[in-house]
Amino acid sequence: MKLVVAILESRDFANLRNNLMDKGYPVTLLSSSGGFLKEGNSTVFIGVEEKEVSKVLDIIDANCKHRKKVNTPSILSKKQPGEGMPIEMTIGGATVFVLNVEEFIKV
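Counting in the working numbering, the sequence shown tops out at residue 109, every number present.
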């Protein structure tokens with residue numbers, strides 16, 4: 003058995019959950035935050051048999067898209083010349099960990 007842990011943008015969670023549940027994969031959600039932009043994330047836990055991992059990864063890939071975002075640094079801090087200019091960044095997608103599960107118990 004494997005545990006797939008995916009960290010994604012919160013706005014991608016609803017579609018991902020629906021697509022995983024439609025295919026019979028139960029999902030557990032943990033809200034999280036962090037990263038460079040300090041924005042809300044969703045951390046999703048999916049327990050599957052090893053042979054199902056590639057299918058789950060395909061569903062995650064199809065539902066967690068990269069996007070462009072323009073980030074303007076705060077104007078409250080001291081600036082050097084050129085600082086404070088908008089920066090275009092690629093965000094989104096998912097960071098996925100596939101972990102071995104030694105034991106799975108439902109109580």
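Virtual Cβ for every residue (Gly too), placed ideally from N, Cα, C. All figures in this text were calculated on a predicted structure; none of them were measured in a lab.
Check: Between the beta-carbon of residue 101 and the beta-carbon of residue 5, is there less than 8 Å?; Outcome: yes
Check: Identify every residue that forms a DSSP beta bridge with residue 49.; Outcome: 5
Check: Taking the alpha-carbon positions, what's the residue 42 to residue 95 distance?; Outcome: 14 Å
Check: Following the continuous alpha helix (DSSP H) through residue 106, name the residue where it begins and the one where it ends.; Outcome: No alpha helix (DSSP H) contains residue 106, which DSSP labels as neither H nor E.
Check: Give the secondary structure of residue 98 by DSSP, where H, G and I count as helix, E and B as strand, and everything else as coil.; Outcome: strand
Check: Considering just the uninterrupted stretch of the beta strand (DSSP E) at residue 33, what are its terminal residues?; Outcome: 30-36
Check: Assuming residue 66 and residue 24 form a contact by the criterion Cβ under 8 Å, report the distance between their Cβ atoms to the nearest whole angstrom.; Outcome: About 16 Å separates the two Cβ atoms, so there is no contact after all.
Check: What are the residues that DSSP puts in a beta bridge with residue 44?; Outcome: 10, 33
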